[in-house]
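In our numbering, the protein residues as written are 1383 to 1596. Ideal Cβ positions, reconstructed from N, Cα and C, are used throughout, including at glycine. Nothing here was measured: the structure is a model prediction, and the numbers come from that model.
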Ligand code: AP5
């Protein structure tokens, strides 16, 4: 099962993608997580990506596309994968389709987690992320057991640099301009499904399971 998660920044793509990966035993591939891991490790890719991410801009395709096309040919992807944060532009979607066609494959589902902009701003201010293991929390909806400490690995959880209100506004405008057109792209392919991302997380996941099957 090959799945793309679509949706605005903070819509809950990562939250749902992790659960999908767990239930259907397929890898969760998040370009945002890959960039953050590179930033943490101090790689050249991380340094380049950070300059764009901190401004709320997309990282250029030449730094992004190969990360995914090289990843999906790995052995653990043979039964499928869930992509989170990729593709983000029509050009990325077309490259992905070509890479899959070369393998005689195609995407099965594009799931749009639909959340209006006004909900997003509130959510992002409350998100806390572990820069060590990538776990995400929310100060109200998903609090850590011990304040400020990751339940999974014991490292501090922080407000991501790109979750500050001005950067979130920029990310939302970039989303509407460059990523939202993918909704029509996948509608035309007949694989678009939409879930109401304003519902509680477990209800959003139940909606996704109804789409994907047990
Ligand atoms: P990325 O990490 O992909 O960021 P994003 O798409 O902006 O998405 P987020 O991770 O912010 O949010 P999410 O939808 O996963 O929400 P989450 O589940 O955490 O990318 C970061 C940057 O990297 C980009 O801006 C860009 O610069 C670069 N980049 C990445 N991929 C790229 C690409 N393909 N091309 C170019 N550049 C790229 O949830 C958010 C919060 O809400 C959490 O606190 C969560 O607990 C809470 N929450 C989740 N669901 C619910 C719910 N149902 N109800 C209440 N609260 C909820």
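Closest Cα partner of residue i within the set the options
i: residue 1498; options: 1588, 1405, 1554; result: 1554
i: residue 1338; options: 1425, 1426, 1460, 1562; result: Shown here, the chain extends from 1383 to 1596; a query on residue 1338 therefore has no answer.
i: residue 1393; options: 1384, 1592, 1596, 1562; result: 1562
i: residue 1523; options: 1515, 1408, 1507, 1534; result: 1507
i: residue 1462; options: 1395, 1533, 1568, 1383; result: 1383
i: residue 1458; options: 1476, 1540, 1409; result: 1409
i: residue 1578; options: 1470, 1588, 1433; result: 1588
i: residue 1534; options: 1551, 1514, 1440; result: 1514
i: residue 1420; options: 1464, 1521, 1386, 1449; result: 1449
i: residue 1572; options: 1413, 1488, 1412, 1422; result: 1488
i: residue 1400; options: 1517, 1548, 1541; result: 1517
i: residue 1511; options: 1537, 1432, 1490, 1491; result: 1537
i: residue 1576; options: 1500, 1432, 1494; result: 1494
i: residue 1486; options: 1504, 1468, 1471, 1455; result: 1455
i: residue 1530; options: 1549, 1509, 1580; result: 1509
i: residue 1502; options: 1539, 1526, 1475, 1557; result: 1557
Identity of the residues DSSP links to residue i by a beta bridge
i: residue 1512; result: 1539
i: residue 1387; result: 1466, 1493
Residue environment, residue i, which counts as buried when at least 16 other CB atoms sit within 10 Å
i: residue 1466; result: buried
i: residue 1425; result: exposed
i: residue 1528; result: exposed
i: residue 1591; result: exposed
i: residue 1542; result: buried
i: residue 1387; result: buried
i: residue 1403; result: buried
Bounding residues of the alpha helix (DSSP H) (the contiguous stretch that carries residue i)
i: residue 1577; result: Note, residue 1577: premise wrong, no alpha helix (DSSP H); beta strand (DSSP E) at 1574-1578.
i: residue 1656; result: Outside the shown range of the chain (1383 to 1596) lies residue 1656, about which nothing can therefore be said.
i: residue 1478; result: 1472-1484
i: residue 1452; result: 1443-1453
i: residue 1430; result: 1426-1435
i: residue 1460; result: Neither: residue 1460 is in no alpha helix (DSSP H) and is coded neither H nor E.
i: residue 1404; result: 1395-1406
N- and C-terminal bounds of the beta strand (DSSP E) containing residue i
i: residue 1411; result: 1410-1412
Alpha helix (DSSP H) runs contained entirely in the segment 1519-1562, provided each spans 4 or more residues:
For the segment 1519-1562, the full-length alpha helix (DSSP H) segments reaching 4 residues or more read 1547-1556 along the chain.
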